[in-house]
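Number of protein chains: 2
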Amino acid sequence: MNLLLVEDEPNVVSVVVRGLAAEGFNVSVAPDGNTGEKMALTNHFDLIILDIMLPGINGLELCKIIKKEKPNVPIIMLTALGSTENVVAGLDNGADDYLIKPFKFAELFARIRMLLRRYNGSVNPDQVINISDLQINLTAKNVKRGDQEITLTATEYRLLEFLAKNKSKILSRIDILENVWDIDFNLGTNVVDVYVNYLRKKIDKNSDQKLIHTAVGLGYVMKEA
Amino acid sequence: MNLLLVEDEPNVVSVVVRGLAAEGFNVSVAPDGNTGEKMALTNHFDLIILDIMLPGINGLELCKIIKKEKPNVPIIMLTALGSTENVVAGLDNGADDYLIKPFKFAELFARIRMLLRRYNGSVNPDQVINISDLQINLTAKNVKRGDQEITLTATEYRLLEFLAKNKSKILSRIDILENVWDIDFNLGTNVVDVYVNYLRKKIDKNSDQKLIHTAVGLGYVMKEA
DNA sequence: TTTGCCCTTGATGAATTTATTACTAGTTGA
DNA sequence: TCAACTAGTAATAAATTCATCAAGGGCAAA
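Below, the structure is given as structure tokens:
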């Protein structure tokens, strides 16, 4: 489960991130509204926690923007004690819930569970693989590098998915042929090389950080380093 | 709108009843858990507000009982400051929301609106999907592109709705066949292609911005870009 | 029953994707 | 360093996959 926390106060961030990590969530943090917007729109999150008072775009605006683009991502707003008007505005902007600071962690966690339960009932969350700034949405079958959408052909996609699912494992050409092409004999071919080449052109060409690596004599690996 | 308030503290009752009446709600009050149970189960309410500390059955128990019998009635719990454990328990018992006393009336009202909106179209308008200048009214089942009304046949509409609900997801022909045509075998057909073609003629033909895209070898997607 | 619309099927050529080949570039180890 | 091997690339031929059309069947309303 990937969560996004948009919050500038370091102690809130620290408490929430540690608490949620302990519960098995993967938490990304944006320190201001603009970063939050970029992250929320370019990456996949299962739930977003927004502070209202933020540098850059404020939480209410951000809530509206996100809900417009991604109506199926639940949002929890955080607000300072006493600013009830904000709460009302937040809920009217599409927020699903809110908490008043200071809040207890158990309370936040209970609300997160409630929202995930509610949303998952109807639409199940997308399955997503992230490797560095490469994002593969297995459910939607689309691929992004940074915020650049990448169009792949069917075979290219199958190859990428196989490499990504086996991140950091060296895969021999035979492994790849068996899993992506469904052939376990006929080794007089270099399709794999050719398709790895195609993938590199689409995925690694415009980036300094190469993700597809050659293990000479062994095969190929997909990894960050 | 009929609301039920189960609460024994007279001043809370007074504030809430007067406030909600002013907003046009019809509020019934039960002063203890047993009365609350009887009223909740025998009458129709659109929403129930439950104090946790109550004479008779306590609010948590009552919540569980009501949710078992009438899972579609939203419930807001009221709890005293500092008893976070109760909150967690309440949400796990099926409560939809909670408020910590003392609370501001505006906050209660915002949460009531949120819940009513979520549970039932009664407070909110029709459910509408907008993709670029295409507008699909799921309630009225009509479709507009720009301000041009578009007439679709039943199957065309079902297909469009499915594509739109899965905006940006690549949907395989099989996905589409299963969800729009209810068949999961018989794959020797090209109905999907033909109907996508029909839809394109009605929706994309007269617009520069195409919304239905083909992902060769994978299926079709509906998206802006 | 007939009419008219809606749905489905099959066929066609066009477009795109895939596989192969042949060649060049790069790497390894004696 | 040089051969021998391994990997990368471009061009092209083969194979899929798609868009579109036209025709026939089914069903409901007149």
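Residue numbers (UniProt numbering), protein chains in the order written: chain A, 1 to 225; chain B, 1 to 225. Here a beta-carbon is modelled for each residue, glycine too, at the ideal position from N, C-alpha and C. Remember, predicted model here, so these are calculated numbers, not experimental data.
For K144(A) and residue 230(B), the rounded distance between their alpha carbons: This structure cannot speak to residue 230(B), because chain B is shown only from 1 to 225.
Entirely enclosed beta strand (DSSP E) segments - the UniProt domain "Response regulatory" (2–116) of chain B, minimum 3 residues: The qualifying runs are 2–6, 26–30, 47–51, 75–80, 97–101.
Residues in the stretch 152–186 of chain B having any Cβ partner in chain A nearer than 7 angstroms: S168, K169, I170
Contact residues within the stretch 106–119 of chain A, judged by C-beta distance below 9 angstroms to chain B: A106, E107, F109, A110, R111, R113, M114, R118
Sequence-distant residues of the same chain with beta carbon closer than 6 angstroms to P74(A), five excluded per side: Start at 1 with the first residue of the first sequence, and residue 74(A) comes out as number 74. Excluding positions up to five away in sequence, the list reads L47, D96, L115, Y119.
Cβ shell of D54(A) (< 8 angstroms), same chain only, five flanking positions each side left out: In the first sequence, residue 54(A) corresponds to position 54, counting from 1. Before going on, a small fix: residue 54(A) reads as Leu here, not Asp. Around L54(A): V6, E7, D8, D32, G33, G36, L62.
Pair within 7 angstroms by beta-carbon distance, K167(B) and I131(B): Taking the first residue of the second sequence as 1, we reach residue 167(B) at position 167. Taking the first residue of the second sequence as 1, we reach residue 131(B) at position 131. A contact, by the Cβ cut-off of 7 angstroms.
L4(B) beta carbon less than 7 angstroms from that of F45(B): Sequence index remark: in the second sequence, residue 45(B) carries index 45 (1-based). Sequence index remark: in the second sequence, residue 4(B) carries index 4 (1-based). For F45(B) and L4(B), yes; Cβs fall inside 7 angstroms.
Assigned secondary structure, V180(B) (DSSP; H/G/I helix, E/B strand, else coil): Counting from one through the second sequence, the residue named residue 180(B) turns up at place 180. Here V180(B) sits in helix by DSSP.
Alpha-carbon to alpha-carbon, L78(A) and K101(A): Your numbering for residue 101(A) matches position 101 in the first sequence. Your numbering for residue 78(A) matches position 78 in the first sequence. Cα to Cα, the separation comes out at about 7 angstroms.
Chain A within 7 angstroms of G19(B), Cβ atoms only: Counting from 1 along the second sequence, the entry for residue 19(B) is found at position 19. Not closer than 7 angstroms to any Cβ of chain A, the Cβ of G19(B) fails to qualify, so no.
Residue-chain proximity (K141(A), chain B), Cβ-Cβ < 7 angstroms: One-based indexing of the first sequence puts residue 141(A) at position 141. Yes, because at least one Cβ of chain B sits closer than 7 angstroms to the Cβ of K141(A).
Sequence-distant residues of its chain with Cβ nearer than 8 angstroms to E23(B) (five each side left out): Within the second sequence, residue 23(B) is the residue found at index 23, counting from 1. Closer than 8 angstroms at Cβ, skipping near neighbours: F109.
Whether I170(B) touches V216(B) by CB criterion (7 angstroms): The residue you call residue 170(B) lines up with position 170 of the second sequence. The residue you call residue 216(B) lines up with position 216 of the second sequence. Not in contact: I170(B) and V216(B) (Cβ atoms no closer than 7 angstroms).
Local conformation of T139(B) per DSSP, three classes: The residue given as residue 139(B) occupies position 139 in the second sequence. Correct three-state label for T139(B): coil.
As assigned by DSSP and simplified to three states, the class of V128(A): For the purposes of this step, residue 128(A) is taken as the residue at position 128 of the first sequence. It is a strand residue.
Spatial neighbours of L163(A) in its chain, beta-carbon cut-off 6 angstroms, leaving aside the 5 residues before and after: Residue numbering aside, residue 163(A) sits at position 163 when the first sequence is read from its first letter. Only M222 meet the Cβ criterion.
CB-CB length for R111(B) against I76(B), believed under 8 angstroms: Locating residue 111(B) in the second sequence gives position 111, counting from the first residue. Locating residue 76(B) in the second sequence gives position 76, counting from the first residue. Yes, they are in contact, since the Cβ atoms of R111(B) and I76(B) sit about 6 angstroms apart, within 8 angstroms.
G94(B) and K67(B) closer than 7 angstroms at C-beta: To locate residue 94(B), count along the second sequence from 1; it is residue 94. To locate residue 67(B), count along the second sequence from 1; it is residue 67. Result yes, Cβ atoms of G94(B) and K67(B) sit closer than 7 angstroms.
Where the beta strand (DSSP E) containing T153(B) begins and where it ends: Along the second sequence, one-based indexing puts residue 153(B) at 153. Premise fails: T153(B) is in no beta strand (DSSP E) and is neither H nor E.
Three-way DSSP call (helix, strand, coil) for I203(A) in this model: The residue labelled residue 203(A) in the question sits at position 203 within the first sequence. Helix, per DSSP.
Run of the beta strand (DSSP E) containing T214(B), from where it starts to where it stops: Taking the first residue of the second sequence as position 1, residue 214(B) is located at position 214. Start and end: 212–215.
Candidates A30(A), L152(A), N2(A): closest to P10(A) by CA position: Position 10 of the first sequence holds residue 10(A). Cα-wise, what sits closest to P10(A) is A30(A).
C-alpha gap between A225(A) and D175(A), whole angstroms: Locating residue 225(A) in the first sequence gives position 225, counting from the first residue. Locating residue 175(A) in the first sequence gives position 175, counting from the first residue. Going by the C-alpha atoms only, they are around 22 angstroms apart.
Reduced DSSP secondary structure (H/G/I, E/B, other) of K165(B): By one-based count along the second sequence, residue 165(B) stands at place 165. Note: K165(B) maps to helix in three-state DSSP.
Pick from F103(B), K201(B), V88(B) that is closest to A106(A), judged by C-alpha positions: Locating residue 106(A) in the first sequence gives position 106, where the first residue counts as 1. Comparing Cα-Cα distances from A106(A) to each of F103(B), K201(B), V88(B), the minimum goes to V88(B).
Host beta strand (DSSP E) of G219(B) (start-end): One-based indexing of the second sequence puts residue 219(B) at position 219. 219–222 is the span of the beta strand (DSSP E), which, as asked, contains G219(B).
Cα-Cα separation, W181(B) to E161(B): Walking along the second sequence from the start, residue 181(B) turns up at place 181. Walking along the second sequence from the start, residue 161(B) turns up at place 161. Distance between the alpha carbons of W181(B) and E161(B): 13 angstroms.
Interface flag, G217(B) vs chain A, CB-CB below 7 angstroms: One-based indexing of the second sequence puts residue 217(B) at position 217. Output row for G217(B): interface = yes.
Candidates R117(A), N2(A), Q209(A), G219(A): closest to V192(A) by CA position: Taking the first sequence and counting its residues from 1, one reaches residue 192(A) at position 192. It is G219(A) whose Cα lies nearest to the Cα of V192(A).
Residue from E156(A), L60(A), G146(A) whose Cα sits closest to the Cα of L41(A): Your numbering for residue 41(A) matches position 41 in the first sequence. For the residues E156(A), L60(A), G146(A), the minimum Cα distance to L41(A) belongs to G146(A).
Any C-beta of chain A under 7 angstroms from that of V192(B): For the purposes of this step, residue 192(B) is identified with residue 192 of the second sequence, where counting begins at 1. By this cut-off, V192(B) is not an interface position.
Contact under 7 angstroms by Cβ, L134(B) with L211(B): Here residue 134(B) refers to the residue found at position 134 when the second sequence is read from its first residue. Here residue 211(B) refers to the residue found at position 211 when the second sequence is read from its first residue. Yes, these two residues count as a Cβ contact at 7 angstroms.
Rounded C-alpha distance that separates I129(A) from R18(B): Here residue 129(A) refers to the residue found at position 129 when the first sequence is read from its first residue. Here residue 18(B) refers to the residue found at position 18 when the second sequence is read from its first residue. Whole-angstrom Cα-Cα distance: 53 angstroms.
Rounded straight-line distance, which links the Cα of N206(B) to that of I150(B): Working through the second sequence from its first residue, we reach residue 150(B) at position 150. Working through the second sequence from its first residue, we reach residue 206(B) at position 206. The alpha-carbon atoms of I150(B) and N206(B) are separated by roughly 12 angstroms.
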